[in-house]
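1 is the number of the first residue of the sequence shown in UniProt numbering; add one for each residue after it.
Using N, Cα and C, we set each Cβ at its ideal position, and we do this for glycine too.
Note that this is a predicted model, so its numbers are computed, not measured.
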Amino acid sequence: MKLRPVIISILTIPLCGCSSHHKVAGWYPIASDTENTIIGESLVTIKDFEKVVLTTDTFTIDGKTVCQTLIQGKIKADRINDFADATEMMIGQRLGFVFNDSVIMAPQVNARIESGSFQIISPDTTLLRNIYNSINQEIKNN
């Protein structure tokens with residue numbers, strides 16, 4: 001009988017160690033460290049997105065033409081003011097897009113974002129297509 005508490009403790013330790021908090025895809029505050037640590041709750045999640053478009057932008061760097069695939073999106077009208085207020089408070093800090101618990105990109109906020117528009121950029125076009133499809137599926141489901 002003295003072993004029972006020990007056995008129960010041993011069996012429950014793995015359960016505690018395996019728990020993790022899944023982040024819903026969206027825009028989160030990111031620490032200024034190089035580890036891309038998520039430091040707060042989401043400003044908006046993909047449930048707050050009105051629309052997204054997968055597109056290509058072409059620009060020139062050092063005389064070379066570069067094509068960049070990206071996602072352009074818009075936040076729902078009822079969340080734009082909250083997003084604008086939150087981004088104003090984050091000026092000078094990093095805001096990251098999180099997908100599957102990974103920070104995809106985390107630019108520094110330089111101004112209040114009043115339009116509710118955003119871009120998601122990554123050199124991994126397969127990842128961008130997966131993100132785009134996931135967001136579109138969420139939009140269709142709502």
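Do you know how far the Cα of I91 is from the Cα of K74? Approximately 20 Å, taken between the alpha carbons.
Apply the 10 Å Cβ neighbour rule to F59 and answer buried if 16 or more other Cβ atoms are within range, or exposed otherwise. Looking at its Cβ environment, which holds fewer than 16 other Cβ atoms inside 10 Å, F59 is exposed.
Per the DSSP calculation, K23 is bridged to which residue(s)? Checking the DSSP bridge columns, you'll see K23 has no partner listed.
Any idea if G63 is buried or exposed, counting beta-carbon neighbours within 10 angstroms, 16 or more meaning buried? G63 is classed as exposed because its beta carbon has fewer than 16 other beta carbons within 10 Å across all chains shown.
Can you name the start and end residues of the alpha helix (DSSP H) that T56 belongs to? Segment 49-61 is the beta strand (DSSP E) holding T56; no alpha helix (DSSP H) there.
Counting only the same chain and skipping the five closest in sequence on each side, list residues whose C-beta sits under 6 Å from that of K76. Shown here for K76: same chain residues with a beta carbon closer than 6 Å to its own, the five before and five after excluded, namely D48, E50 in chain order.
Using beta-carbon positions only, say whether F99 and A25 come within less than 8 Å of one another. Their beta carbons are under 8 Å apart, which means F99 touches A25 by this criterion.
Where F97 and V66 are concerned, what is the direct C-alpha to C-alpha distance, given to the nearest angstrom? Approximately 23 Å between the Cα atoms of the pair.
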